[in-house]
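Chemist:
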Amino acid sequence: MRKTKLLALAASCLFALTACTAPSSGGAGGEQLKVVTTTPILADFAARVGGDYAQVSSLVPNGADPHSYEPTLRDVRDIAYADVAFTNGLLLEQQKMLKTVSANLPQDATSVAVAEGIETYGGKLQPIVEDASLDSVWLGLRVEAGNADTSGEHTATFSASNPQGPGRLAAFITQTFGAVEVVADSEQGRAQVGSTQLPLNAHTHLSWAFTASGHYTLEVSASSSDPSLGEVPTHTLHFVVGEDPTAVAQQMGTDTHILDGGHADLTAQLDQGRMMIRTDHDGEVHYHELEKTLVVVPSKTLQELPASAQYRFLGRGGEQMYLLAQAVAGKHVHGEIDPHIWHSVPNAKASVELMRDTLATANPKHASAYNANASALLAELDQLNRDLIDAYASLPDSRKNLITTHDGYRYLASTYGLETAGFVTPAPGSEPSIQQRNRLRRTIEDLNISALYINRGEMEKTSILAQVAEDSGVRLCQLYADSLDSNAPHYIDMMRSNAQTITECSGN
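23 is the number of the first residue of the sequence shown in our numbering; add one for each residue after it.
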């Protein structure tokens, strides 16, 4: 198997005119295991546990976003020579990344999705419960596939066609660093409005844009690469934009459900062959037929189109448009469970124990070294956990509310007695609307918030949030979310830095 992969890799290197050097094989019988991880945080754990008997590399480099990073030729080479691969799982990584690991990892290698295995070691997973207290709808996409294989091998494709309405209709995803992925666009001349792919049993947020008020319809369908799942035939999605929905609802029928707020998903139920709108309010999930549901886009969503180049497909900057903004910047594909497990030190300990046993099984000759290395790291993590408990306990209860720009701190909040008061998005073109900014200001005042928190490296993307912070007299501070950097090269550094930032910014 390894020989076959080496030949394929050599061919790809020649084709790309790239100089590839095949490292000497360590293998399970050698002194060192070759270990690849998808994130720097996992690499830090694996390197500490592996010590002298593991050669560890992270596919996602420091500072990069694991939600959107796509593998390179060098990454493919590292995977092809690996004895062990550690992914995070729970749909943290891009589908392309998981497929690359699966397709190129040798058959005799070991692959472990760490987040999906921590409960065996006492770790705790948390469901994603998204804020439904909104003054307009968040309308995303969701795939439900029952008990189908969700390991990353198969995807679902949403297709949109035959848009009808008084203006232009578009759906798009604002990526973490501002780039836009167009999912649907009714620009004249397009036979198919658009399509996008999602992993099975996954979800992503969307922005929806409309250029004029009135009644819109869009035909949507879905299919899967899994032959065991059926296709979802065409259904019709209804919007009423900038107008009272009563008249349109009456035309649709007396049993029409008017959806005018909260978190909702256009949901392809591949295992049942139907398309529904799924709503989630206060933990209660309901399903509504598309043909009997009217999505309301209120007049208060009318705003100016950003001048950024990535939004020119919609029109010129400054033109007005009705916009249902997505909840979170970035494609933000996830399942029902929050994948950001590392913000809880007990979960980090469970991850280390899982890695210890995985490496010891792959290379039993050095199992005692892996056990000793893990024991030393677990002792450090115990001390870190005690220090974090003390640090966060020092905050007054009134200063334990967090407003962040990344919806990834549930584990931090639940483990250390904090509260996630909300999250906002700083990406270009997805700055909070006037209404959202006003609501944010009220939240800051009502909860005595002393700081807003953004991801490290995003300070230059937060002009409006910076203005809100200045106007409200609060600080704008940076937290580590999904990666490490030169100032915090290890997990323990990252967690201590976040604790220091939060206690300094929220505690005064």
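All C-beta atoms, glycine included, are put in the ideal place defined by N, C-alpha and C.
What residue from V136, P249 and N110 has the CA that sits closest to R378's CA?
Modeler: Residue V136 is the option with its Cα nearest to R378.
Chemist: Which residue's Cα is closest to the Cα of L400: Q54, F67, K56 and D504?
Modeler: The shortest C-alpha separation from L400 is found at F67.
Chemist: Does the count of Cβ pairs from the stretch 233-242 and the stretch 277-286 closer than 8 angstroms reach three?
Modeler: Result no; under three Cβ-Cβ pairs closer than 8 angstroms.
Chemist: Give me the Cα-Cα distance between W160 and I195, rounded to the nearest whole angstrom.
Modeler: Going by the C-alpha atoms only, they are around 12 angstroms apart.
Chemist: Return yes when the Cβ of L417 is within less than 8 angstroms of the Cβ of A435, no when it is not.
Modeler: No, they are not a contact pair.
Chemist: Going by the CB atoms, is the gap between E203 and S235 shorter than 8 angstroms?
Modeler: Contact: no.
Chemist: Between the stretch 98-109 and the stretch 334-348, can you find at least three pairs of beta-carbon atoms closer than 8 angstroms?
Modeler: Too few Cβ pairs lie closer than 8 angstroms, so no.
Chemist: Can you tell which of R463, N509 and N470 has its C-alpha closest to the C-alpha of L487?
Modeler: Ranking the options by Cα distance to L487, first place goes to R463.
Chemist: What does the alpha-carbon distance come out to for the pair S528 and G187?
Modeler: So the two alpha carbons sit approximately 48 angstroms from each other.
Chemist: Which runs of the beta strand (DSSP E) fall wholly inside the stretch 266-338 and span at least 3 residues, in chain order?
Modeler: With a minimum length of 3 residues, the continuous beta strand (DSSP E) runs that stay inside the stretch 266-338 are 279-281, 284-291, 296-303, 306-311, 315-319 and 324-326.
Chemist: For A178, count neighbouring C-beta atoms within 10 Å of its own C-beta (all shown protein chains included) and say buried if the count is 16 or more, exposed if not.
Modeler: Burial call: buried.
Chemist: Where does S208 fall in DSSP's three states?
Modeler: In the structure shown, S208 sits in coil (DSSP, three-state: anything other than H, G, I, E or B).
Chemist: Under a Cβ-count criterion, where at least 16 other Cβ atoms within 10 Å of its own Cβ denotes burial, should K322 be classed as buried or exposed?
Modeler: K322 should be labelled exposed.
Chemist: Are V317 and H260 close, meaning C-beta to C-beta below 8 angstroms?
Modeler: A contact, by the Cβ cut-off of 8 angstroms.
Chemist: As a quick exercise: from R408, Y344 and Y433, pick the residue whose alpha carbon is nearest that of R190.
Modeler: Closest by alpha carbon: Y344.
Chemist: According to DSSP, which residues form a beta bridge with H176?
Modeler: Per DSSP, none; premise fails for H176.
Chemist: DSSP state of I514, grouped into three classes?
Modeler: Correct three-state label for I514: helix.
Chemist: Relative to the alpha-carbon of I514, which residue among L55, E92 and P62 has its alpha-carbon at the smallest distance?
Modeler: I514 has its Cα closest to that of P62, out of L55, E92 and P62.
Chemist: So which of A521, L501, V262 and V307 has the shortest CA-CA distance to A415?
Modeler: It is A521.
Chemist: Span of the alpha helix (DSSP H) holding S472?
Modeler: Run containing S472: none; DSSP gives neither H nor E here.
Chemist: Give me, in chain order, the residues of the same chain whose beta-carbon lies closer than 8 angstroms to that of H362; leave out the 5 immediate sequence neighbours on both sides.
Modeler: Around H362: L114, G430, Y431, R432, Y433, A503 and D504.
Chemist: If you drop the 5 nearest sequence neighbours on each side, which residues of the same chain put their C-beta closer than 7 angstroms to that of R70?
Modeler: Around R70: N395 and L399.
Chemist: For C499, list the residues DSSP reports as bridge partners.
Modeler: Bridge partners of C499: Y475.
Chemist: So for Q54, helix, strand or coil by DSSP?
Modeler: It is coil, neither helix nor strand.
Chemist: Quick check: what's the CA-CA separation for H3 versus Q342?
Modeler: Past the edges of the chain, shown from 23 to 530, lies residue 3, and the structure says nothing about it.
Chemist: Cutting at 6 angstroms between CB atoms, please list the residues of its own chain near Q219, excluding the five before and the five after it.
Modeler: The residues are T177 and T179.
Chemist: Assign S366 to buried or exposed, taking buried as 16 or more other Cβ atoms, counted over all protein chains shown, within 10 Å of its Cβ.
Modeler: Buried: at least 16 other Cβ atoms inside 10 Å.
Chemist: Do you know how far the Cα of P511 is from the Cα of L324?
Modeler: C-alpha separation (whole angstroms): 44 angstroms.
Chemist: Check each candidate in D87, L474, A269 and S229 and name the one with the smallest Cα separation from D288.
Modeler: The displayed chain sequence assigns Leu, not Asp, to residue 288. Closest option to L288, Cα to Cα, is S229.
Chemist: Between G211 and the rest of its own chain, which residues show a CB-CB distance below 6 angstroms, the 5 nearest in sequence each way excluded?
Modeler: Caution is warranted here: a pLDDT of 43 is assigned to G211, below 50, making its placement in the model unreliable, and the coordinate value is therefore given only provisionally. Correct list: empty, nothing qualifies.
Chemist: Assign S397 to buried or exposed, taking buried as 16 or more other Cβ atoms, counted over all protein chains shown, within 10 Å of its Cβ.
Modeler: It counts as exposed.
Chemist: Can S519 and R497 be called in contact, C-beta distance under 8 angstroms?
Modeler: No, Cβ-Cβ distance for S519 and R497 is not below 8 angstroms.
Chemist: Using the three-state DSSP reduction, which class does Y91 fall into: helix, strand or coil?
Modeler: Coil, per DSSP.
Chemist: Would a C-beta distance cut-off of 8 angstroms place A182 and A192 closer than the cut-off?
Modeler: Their beta carbons are not under 8 angstroms apart, which means A182 does not touch A192 by this criterion.
Chemist: Which residue wins for smallest C-alpha separation from V57, given the options N385, Q273 and Q489?
Modeler: When only C-alpha atoms are compared, the closest one is N385.
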